[in-house]
Each structure stands twice: as C-alpha cells, then as structure tokens.
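Down below is the structure, laid out as structure tokens.
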Amino acid sequence: MSLPVTAKVPFGGDYNPEQWPEDVWKQDYRLFDTARIDLVTIGVFDWALNQPAEDVYDFSLLDRIVERAGAEGRGICLATGTGAHPAWLAKAYPEVTRTDFEGRKHRFGQRHNSCPSSPVFRRLSTELARRVARRYADSPAVVAWHVGNEYGGACYCALCANGFRDWLRNRYGTLDELNEAWYTTFWSHTFTDWDEIEPPSALTEHWRGPDHTAFQGITLDYLRFSSDAMLTNFRDEKAAIRESSPVLPVTTNFMGMYRPIDYHRWASHLDFVSWDNYPPDDESAARMALTHDLMRGLKDGQPFWLMEQTPSFTACRDVNPLKRPGLMRLWSWQAVAHGADAVLFFQLRAARGASEKYHGAVIGHAGRSDTRVFREVAELGVELDRLGPASLGARTPARVALLFDWDSWWALEISDGPSRLVRYQQVVLAYHRALWDAGVDLDVVAVTQDLSRYDVVVAPALHMLKGDLPQRLEAVAERGGSVLTTYLSGRVDENDQAFLMDVPGPLGQLMGVRVDEWDARGPEVVNPVRLGDGADQVDVEARLLFEVVIPQGAEVVGTYQADFYAGTPAVTRNSFGAGDGWYVAAGLDQAGVSWVVRQVLARHDVLGPYPDVPDLESAVRVAPDGSRLLFLLNHRAEPIEVAAPTSGVDLLTGDRTATGAALRLPAYGVVVLRADA
1 MSLPVTAKVP FGGDYNPEQW PEDVWKQDYR LFDTARIDLV TIGVFDWALN
51 QPAEDVYDFS LLDRIVERAG AEGRGICLAT GTGAHPAWLA KAYPEVTRTD
101 FEGRKHRFGQ RHNSCPSSPV FRRLSTELAR RVARRYADSP AVVAWHVGNE
151 YGGACYCALC ANGFRDWLRN RYGTLDELNE AWYTTFWSHT FTDWDEIEPP
201 SALTEHWRGP DHTAFQGITL DYLRFSSDAM LTNFRDEKAA IRESSPVLPV
251 TTNFMGMYRP IDYHRWASHL DFVSWDNYPP DDESAARMAL THDLMRGLKD
301 GQPFWLMEQT PSFTACRDVN PLKRPGLMRL WSWQAVAHGA DAVLFFQLRA
351 ARGASEKYHG AVIGHAGRSD TRVFREVAEL GVELDRLGPA SLGARTPARV
401 ALLFDWDSWW ALEISDGPSR LVRYQQVVLA YHRALWDAGV DLDVVAVTQD
451 LSRYDVVVAP ALHMLKGDLP QRLEAVAERG GSVLTTYLSG RVDENDQAFL
501 MDVPGPLGQL MGVRVDEWDA RGPEVVNPVR LGDGADQVDV EARLLFEVVI
551 PQGAEVVGTY QADFYAGTPA VTRNSFGAGD GWYVAAGLDQ AGVSWVVRQV
601 LARHDVLGPY PDVPDLESAV RVAPDGSRLL FLLNHRAEPI EVAAPTSGVD
651 LLTGDRTATG AALRLPAYGV VVLRADA
C-alpha cells in the first residue's frame, strides 16, 4: 500500500456539510469550483449521526454527502467517524470514558475521551468502521480512508491497568525480567505478582505532574503502552476496513512533534502518513521544515499528506494570530517542498457554533468569495493546477540525517537531574535550525533507520541508546562520514538505566571523550565558550548544562571561559576511521550551534545553493521520472534577488531561467524550478 492515486496534488480539506442545511451545499460547491478545490475530507466526527443508538445505524445523511461530493467531481478522503464517541455510548457503558492522571473518572464530553483499552469502545468503533467501509468501498470518489482523528492523551482506569499488565507480560515475560528492567530493588519496589503493578499516576509514582516520577522505567513503559494501546484502536479499524476495501490506502492524521505518541511505532501500520500543521506563530518556518521532514521520514522518505492547516488563524490558543498576506501560500509550498503530496485545510466552511466557530476557514460564515483569505486560497488552487502531477511521488535526495527519538524525549524529560530546563525538542530544534540555515536537504529519521546512505548524522540529546545504534554510528564515521552528538547523549539503555561505564557510554570510543562531572545552572548563568582559533575564532554563550570533558584522543575545538573548568573542552572532534565524531558538551546558543554544524558540514558537499542568504529556504525533490525540482522560498517580508543555481523552468509561472541569471523572489515569494536535465 502507498499513497492515494490522484492526478495532481489534492487540494481541499475538512468539510462538514452535516452542520448546515442542504441548500448551503450548492453554494459551497460553487465556491469550491472557484477555488479549484478537488478533495474533501468528510465524516470525521459523524459517529452520533451514523449510529444514533447501539443497535441502529443510519447512513442516510452520509449517503447524500458522499453522493453529492462524487457528483460534483470531488475526491473523498472518507473518515470512519470515530474521532469522538456519542453520548449514548458513554451513558450505556460508563467504563468507556477515561480516567485522568489525577484519578478522576470522566463523564461524557469533549473528544479524546475514549478509553483505548475498553472492549466496548474497541468493539463498537471497529464495527462502525466496518460498516462505513462496506457501504462506500465501491464509491469511485473515495480515494483514501481516514481512521479516528488526532489520536492522543492517556487513560489510567482499571481497564488500562489490566491492559498495561498484559503489555508488560508480553514485553518482559517474567517478573524477574521486569524487576531488573525497572530497578525495583530501589525503595522496596520489587513486584511478586503482576496484579501489584499500578499505572504510574498522581496517585502512585508521580508528584508535581506527569514528568516527576520516582521510577522512570515504570513511567517510560506506560508512555510506550499508551501509544501502543491507541495504535491497537487504529489497527482494529484498519483491519475492519480491509474486509471490504483491500486496496484503498488508510491513514490517520498525526500532529507533528507530538510528545504522547511515538509515531515511529505507528508508521509501518499506516499506508501513508498525514499530519496537521498548526504553527504557534509567524516565526516558525524552520520548525515547520523540521516537522515536515520528520513526517516524511516516518516511512523512509515516502511523501505525506498535509491533512490540515488553517488558511488564516486557529481558535484553540489563548492568542490566535492571523496569517499575514502571502504566508498561507508560502507555508503550503514549503510543505510541498518537503514532501507533501496533498495540501488540505481545516476547515472548508466555518462552523456556526461550539469551540471552532472562530477557527479560520476557506469560506466564512457569510459565504463570500471576495475575502482576502478566499482569494489567496483560490490563487493557490490555480498554482497547484499548473504544477499538475510534477511533484507526485517525488523524493528528497538527502545525504544528511537528523535522528529523532521519542524514547530519548520521554526518558530525558522524566529524569530527575541533571536539569529539568533542558528540553529535548528545543535541543533538536537548535541543531535542525543550523542545518536549515545552511540549506541542507536532510531526512529526520528514527534511531533504527539504516544510516548507510548518509554522509552526516546529527544526533542531538541522544539520551537513550538502543540495540546496535552505537555500532551503526561508528560505521558512518569509519567509512568517512561525520557524526555529531551533544551533552546528555549516551546516558541510558532502553530500560532507562545508566550504563556502567564512562559517559557518553557506548558512544565514548567514537567521540574520544570521557565525562565525569556536569554542572547544571539556571538560565541566567552564562559560561562563554571560545570556538576555533586564529582568524576563525568566535566567542559564544552556553547555558543550562556544562559537561566537564576529559579528552580520550579527541582534539579540542572549543573551550569554556569561566568557572573552575575554564580552559577545558566544550566542543571536541575525534578522528575515527576515515571520518570523525563531534561532541558538544554544553548548551550553546544558536550562533554556537550553527558554527559547530558548519564545521561538521565543511568536509561534505551537502550545502544548499544559498547557505549564506538568511531566510531563503531551498529544498530539492526528485520525481519518479528523474526530473529534479528545486523549491526556493523567501521567508522575508521583502524581496530577495539571487543568481539562479541552475537552468530550468519555473512551474508556477512558465518562465525560463538560465544558470547565473538574476532570480527575483518577492516578499514571501516561491519559485518551483524544474531543472534542465
């Protein structure tokens, strides 16, 4: 299974006609024609409509919605409707609602309130998916199935406690193995019966919140279990769909860098990845690039769908800024540049009530086509028509990999010490930002990924080392590549137990360093770090964490300038085979991170065409026919003029350019250059 079959990049999004009278539908489709919208995602929250009682199914409204969409020539991404359970289900089966971290049993309300371990929820959600698929599998308009919606959260009820114990039996086999993995000789925690094990919550192992736990191993496994339990719900519904629809691809919408669910554990079970992009502000271009690359990397570089984005503003935050003119277009093209094979919105028409009535939409409450937002959407639709199938299936030719690991994220942030101020995501963002500024085409991949095709591997805050990863990293350097890692890496094994060896554990030989001590301080404490020497010398700042490094063969690249460890290494490089291992022992500021990353990249021809032009993003995709697409995106509010790096045709304008010719990008401008062979 792979991506849905479409003639071009699908353009459209979430459409909820069940919320309006049917005479509104005619107006909607007329506006869809104007905006070139050719795909609708429907039925995401239709459970209560499709099944008004346990023994009653009524698809009459959904029948009309599907029939109308097909008759209007739209493709359909059809949801199973299980994104939120109906009121009758919670009333008839109270055990279907979740118990929260504080031990409070929830009643009906909101969404994301279904216990993933509930046999009733699993049975009824699966049956609804089965019936939806059976009814619409032969509809020619349906191009993909959409299961659930934005899975997330956790439950701590008795059903989940039993599910957790079963999960642990499968993982460890015996209590002896479990006790060893959890280090239960500490604080008299040795378990002698499976039924003694409780979910780690505010009532058991935690204080001050979910990240403060007495037993990291227990909490880590519960995070893994919760992710797997919801994955089981997805797999239940997918299996039911497959009974009558063996070919059409199945997905669910991810949420990017979302901490509660390990998307690497989910990826193989989705036919294609899709995700919802809601950046927090106007300054998130690099962050979005990282997340697009992460989503693309989930299935070894296969393109993904941008399932949701707002055309204007969200409604779920305390402050919901408006996308400035041009940003929606720019960010949509950025998604395509990084691997999106669909550009979809939430929502196509604004809801009249409830919590999303002020959420941005392509069509507002008045149903106008002369608003700025609608005009920008329509103009983007025209451009995607011009692009046609050129980018479908195109891949990113990356030679640089950035490792991203949910287990390291979880383990680092539930650890007592060295510093709760060090946040995994922020460390990763800093190192990705340095690569993004350099214009590097990169893959963001799991620690289990084959690394043999990469010349550079960047592994920030690689706290947990699993399996043969140390040996595979050594192999990268052995054959001439570079490996970069940072403080707090190589600290623990897959059970979150410290290695009985010098820090950075199994990475020590590759990095050529030993760390005996580390100094954690508040953000107000700065230790200057001097990088390089001679004419290349720069002074930068470091905060939060300062490891005291003893070289074991590595050369010193940067040194601390203050405190008792002044003059000792803060950054090192170690020759290893034909390549090298770089170790950054301190929380460098962005200037420092970028300086080190540029040094690492210097040995490898991997920079983009404009590594020294700030806010000009470049990305390459190679189509199945071998054609090379170069995306240039101007993230500035003013024009940029550069020399064209290659000859080719801009697919958005039809203009031809020659190598070295002046190429002008207006404010927030985009060029999609199909390079000449």
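In UniProt numbering, the protein residues as written are 1 to 677.
For every residue, glycine included, the Cβ atom is placed at its ideal position computed from N, Cα and C.
**Request:** Locate the alpha helix (DSSP H) running through residue 382, then write down its first and last residues.
**Result:** In the DSSP assignment, residue 382 falls within the unbroken alpha helix (DSSP H) covering 372-387.
**Item:** Start and end residues, beta strand (DSSP E) containing residue 36
**Value:** Segment: none, residue 36 is in no beta strand (DSSP E) and carries neither H nor E.
**Message:** Our contact map puts residue 547 next to residue 582 with C-beta atoms below 8 Å; I'd like the distance itself, whole angstroms only.
**Reply:** Not confirmed; about 14 Å, so no contact.
**Request:** Spatial neighbours of residue 523 within its chain, please: CB distance less than 8 Å, with the 5 preceding and 5 following residues excluded, ordered by chain position.
**Result:** Same-chain partners within the cutoff: 421, 543 and 544.
**Asked** Which ranges would you report for the alpha helix (DSSP H) in the stretch 388-457 if only whole runs of at least 4 residues count?
**Response** Here the runs fully enclosed are 406-413 and 424-437.
**Exposed unless 16 or more other CB atoms sit within 10 angstroms - verdict on residue 678** = In this structure the chain extends from 1 to 677, so residue 678 is not present and cannot be described.
**Request:** Out of 666, 210 and 195, state which residue places its alpha-carbon closest to the alpha-carbon of residue 411.
**Result:** The residue from 666, 210 and 195 with its alpha-carbon nearest to that of residue 411 is 210.
**Other residues of its chain near residue 287: CB distance less than 7 Å, five sequence neighbours each side excluded** = So the list reads 279 and 429, once near-sequence residues are dropped.
**Prompt:** Does the separation of the CB atoms of residue 11 and residue 381 fall below 8 Å?
**Reply:** Yes, the Cβ-Cβ distance between residue 11 and residue 381 is below 8 Å.
**Residue range of the alpha helix (DSSP H) that includes residue 683** = Residue numbering for the chain in the displayed model covers 1 to 677; residue 683 lies beyond these limits and cannot be assessed.
**Request:** Decide if residue 5 is buried, meaning its Cβ has at least 16 other Cβ atoms within 10 Å, or exposed.
**Result:** So residue 5 ends up on the exposed side.
**Prompt:** Which term fits residue 342, buried or exposed, when burial requires 16 or more other beta carbons within 10 angstroms of its beta carbon?
**Reply:** Flag for residue 342 reads buried.
**Request:** Work out the CA separation of residue 349 and residue 370 for me, nearest whole Å.
**Result:** In this structure, the alpha-carbon of residue 370 lies about 15 Å from that of residue 349.
**Asked** Considering only the beta carbon of each residue, do residue 688 and residue 276 sit closer than 8 Å?
**Response** There is no way to answer for residue 688, as the model of the chain reaches only from 1 to 677.
**Message:** My output table needs one value for residue 203: the three-state DSSP class, helix, strand or coil.
**Reply:** Annotated three-state conformation of residue 203 is coil, per DSSP.
**Message:** By the three-class DSSP mapping on this structure, what secondary structure does residue 569 have?
**Reply:** Three-state DSSP puts residue 569 in a strand.
**Message:** Going by DSSP in three states, residue 167 sits in which element: helix, strand or coil?
**Reply:** The answer is helix: DSSP assigns residue 167 an H, G or I state.
**Request:** Can you give me the Cβ contacts of residue 45 inside the same chain, cut-off strictly under 6 Å, excluding the 5 residues immediately before and after it?
**Result:** Taken in chain order, the residues that qualify are 83 and 84.
**Asked** With distances taken between CB atoms, is the gap from residue 593 to residue 431 smaller than 8 Å?
**Response** A contact, by the Cβ cut-off of 8 Å.
**Asked** Mind checking whether residue 293 and residue 515 have CB atoms under 8 Å apart?
**Response** Taking 8 Å as the Cβ cut-off, residue 293 and residue 515 do not qualify as a contacting pair.
**Request:** Could you have a look at residue 631 and say whether DSSP puts it in helix, strand or coil?
**Result:** DSSP places residue 631 in strand when its eight states are reduced to three.
**Asked** For the putative contact between residue 663 and residue 638, defined by C-beta atoms under 8 Å, what is the C-beta separation to the nearest angstrom?
**Response** Between residue 638 and residue 663 the Cβ distance is about 15 Å, and since that is not below 8 Å, they are no contact.
**Item:** Continuous beta strand (DSSP E) stretch holding residue 182: start and end
**Value:** It is not in any beta strand (DSSP E) - residue 182 instead sits in the alpha helix (DSSP H) that spans 175-182.
**Prompt:** At what residues does the beta strand (DSSP E) containing residue 545 begin and finish?
**Reply:** It spans 538-551 - the beta strand (DSSP E) in which residue 545 sits, taken as one unbroken run.
**Prompt:** Is it a yes or a no for the stretch 98-115 touching the stretch 53-60, going by three-plus beta-carbon pairs under 8 Å?
**Reply:** Taking a cut-off of 8 Å for Cβ pairs, the stretch 98-115 and the stretch 53-60 do not touch, as fewer than three such pairs fall below it.
**Request:** Per DSSP, which residues does residue 276 bridge with? Please list them.
**Result:** Bridge partners of residue 276 according to DSSP: 308.
**Item:** Nonlocal neighbours in the same chain, by C-beta distance under 7 Å from residue 301, ignoring five residues either side
**Value:** Taking residue 301 as the centre and dropping the five residues before and after it, the same chain places the C-beta of 395, 396 and 443 closer than 7 Å to its C-beta, in chain order.
**Prompt:** What number of angstroms, rounded off, separates the C-alpha of residue 130 from the C-alpha of residue 66?
**Reply:** Using only the alpha carbons, I get a separation of about 17 Å.
**Request:** State yes or no: is the C-beta of residue 630 within less than 8 Å of the C-beta of residue 658?
**Result:** Cβ atoms of residue 630 and residue 658: not closer than 8 Å.
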